[in-house]
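Worksheet for the structure shown next.
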Amino acid sequence: MAGWPRQVGGIMLEYLDYEEGRALRLTPNRSLSWKGNIIFFGLIAVVTLMVAVGWSLAGAWMILPFAGLELAVVAYGLYYTSRQCYRQEVLVLTPDTVRLEKGINQKDSEWTLPRHWVRVIMEMPRHGFAVPRLMLAYHDTRVPVARFLNPEDLEAFVDFLENAGIRVERHHPEGVWWL
């Protein structure tokens, strides 16, 4: 693996050392750490509670339960988003197999497909604002891969697969004649 770049596009694509072949770790963009989320939530909570307490002192006490509900929804949204940003996909290419492992903080699921028969289906979007969708395919098995990558990292990932000898099929949407 000498000469491989260690990282491409920040930390969303990371080449790993693997004795039997090539390996690549895919992670979503984690723009804010857990500590940053706590600070952000604390600031929102302080402002929301100041406004809610001010209105309740003015006689509109019904605002307090809604402020609490708002903070609970924001806290859940921040927690869920932060947890999803810790997802990982590890793609391992050996001479005979393609193995995909997915999970959050640990391996939750794994697929092992024969390398010579596996292909990548790249479904192109209907418009230029969306990112293409990738699936590893073997007979009737289709496994979504790299759903969280940005366009630049997705292109680097597709180049990695093509350079490794994996066939990539680009499917354009039907009815779009100008593509």
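FYI, UniProt numbering numbers position 58 of the sequence shown as 58, with every residue one higher than the one before it.
Ideal Cβ placement from N, Cα and C applies to all residues, glycine included.
No experiment lies behind these values; they were computed from the predicted model shown.
{"Check": "How far does the beta strand (DSSP E) with Val168 in it reach, from first residue to last?", "Outcome": "167-171"}
{"Check": "Using 8 Å as the cut-off, can you tell me whether the stretch 10-30 makes contact with the stretch 88-98, which would need three or more C-beta pairs spanning the two stretches below that distance?", "Outcome": "yes"}
{"Check": "Taking only three categories from DSSP, how would you classify Asn163?", "Outcome": "helix"}
{"Check": "Please name the residue or residues paired with Ser109 in a DSSP beta bridge.", "Outcome": "Lys102"}
{"Check": "Rounded C-beta distance between Ala146 and Glu89? I'm assuming under 8 Å.", "Outcome": "7 Å"}
{"Check": "Rounded to a whole number of angstroms, what is the C-alpha to C-alpha distance between Ser82 and His116?", "Outcome": "37 Å"}
{"Check": "Once DSSP output is grouped into helix, strand and coil, what is the label at Val51?", "Outcome": "helix"}
{"Check": "Whole-angstrom Cβ separation of Glu174 and Val120, contact assumed at under 8 Å?", "Outcome": "Actually they do not touch by this definition, with Cβ atoms about 20 Å apart."}
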